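Just so you know, we're using my numbering here: the sequence shown kicks off at 920 and counts up by one.
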Amino acid sequence: MAETVQHVEEMLDASPVIDVHDTFAQFQQLLIDLKAKIDARFDTTRDPSTEDLEAYGTYPEGPGGRVAAYSGPEVDWMVHSWLGNPAQSFVNLHLTCWLGPQVRVPHLGIALLCWPGGWFYTDYIPRTELLVDGEYFDRYYAPTSDAWLAHRDDPEFVWFTSRAPFIRASLSPNAYVYSFERKARNLDIVSGVLHAQVDRWLGWIDEAEPVPDEERAALRQRDLAIRRNIADRDPANVMGVRYFGQETTDRLVGALWGADRRLPRP
C-alpha cells in the first residue's frame, strides 16, 4: 500500500496554501460529538490551569488555538484542543482521554489534521506490556484486528509512518495513522471509525474489573510517564514553535500532559 514518510512541516511547506476552514469545521463538530459521548459517561471538571488557554493567538486573523483539559473521579486527564491557521492550510485537533487507575482499560487517543490534505490518528493506548500480558492483548487488541485490517485495504487512505522512532514505538498494533484526500467519502469513513472506537471503548469501561488498591499507584505513575513523553516528543510541536514561539509552545505541550494541573489526580 502507499505510504507517507514526511515531517508535518515538510508536507505543509511543500503544498500550496489552501483555506481548510471547511474541513476544520467538520473536524471540530466530529470531536464535539465524540466528546459528548464521553461526557455522558464520566463526571469531569475543567482544570483551572487551562482556562486562560480557551483562546490564544490571533485567530481568525492569524494562527491560534484552544486547550481545554478535564479531570474527574474516573478520568485522569482529558484534552480537547486545536492549534493552527486554517486559512493557511494547517490545523491540528486532539481529543484524548487518559483514564484513572481504577481500571486497566486502554486510554483513548484521537487526532485530526489538515496539512492541507487530511490526516487522522486513533489508538487504544495500552496500560501494560502487550508482549507480556497475553490476556490483556486478547481482550482489547485481538478483537479489533479485523476492522483494522479491513481499513488498511482501503486505497483511499495512505499509511503514515512517523520519522520519529519514539512515536512509532508509541503505537499499538491496531493504531490508525493515515493521510487521505479531504473529500466527503473519506471524511465519512473517518467519522465512522472514530465513533466505533469511542463506542467500543466505553463498552470496555462498563465491563472492566477494578484494579486492586495496592496496584493503582504504579499504574498512575506509568500512565503519567507515557503521557508526558508522548506530548514532549511529538514532532508536530515544531508547528507550535513556528506560530507562537518556544515559551508558549512549552506551555501548550505541558497542558497536554498536565504539567500545571490544579485538580487532584484520581
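Note that CB positions come from ideal geometry on N, CA and C, so glycine has one too. Please read these numbers as outputs of a predicted model, since none were measured by experiment.
Asked: Close-in-space but distant-in-sequence residues of the same chain around L953 (CB under 8 Å, 5 per side omitted); Found: L1014, I1029, L1113, H1114, V1117
Asked: Those runs of the alpha helix (DSSP H) which lie wholly inside the segment 996–1068 and span at least 4 residues; Found: 1053–1059
Asked: Residue interval of the alpha helix (DSSP H) (run including A1137); Found: 1132–1151
Asked: Inter-residue Cα distance where the pair is D1179 and G1173; Found: 7 Å
Asked: Classification of S1064 by the beta-carbon crowding that lies within 10 angstroms, buried from 16 upward; Found: exposed
Asked: Per-residue burial, P992 [other beta carbons within 10 Å of its own, 16 or more giving buried]; Found: exposed
Asked: Candidates D1073, L1090, Y1060: closest to S1098 by CA position; Found: D1073
Asked: Same chain only: Cβ atoms within 6 Å of Y1162, ignoring 5 sequence neighbours per side; Found: P982
Asked: Three-pair Cβ contact test at 8 Å for the segment 1070–1089 versus the segment 1116–1132; Found: no
Asked: Backbone secondary structure at A987 - three-state DSSP; Found: strand
Asked: N1093 versus K1102: straight-line alpha-carbon distance, rounded; Found: 24 Å
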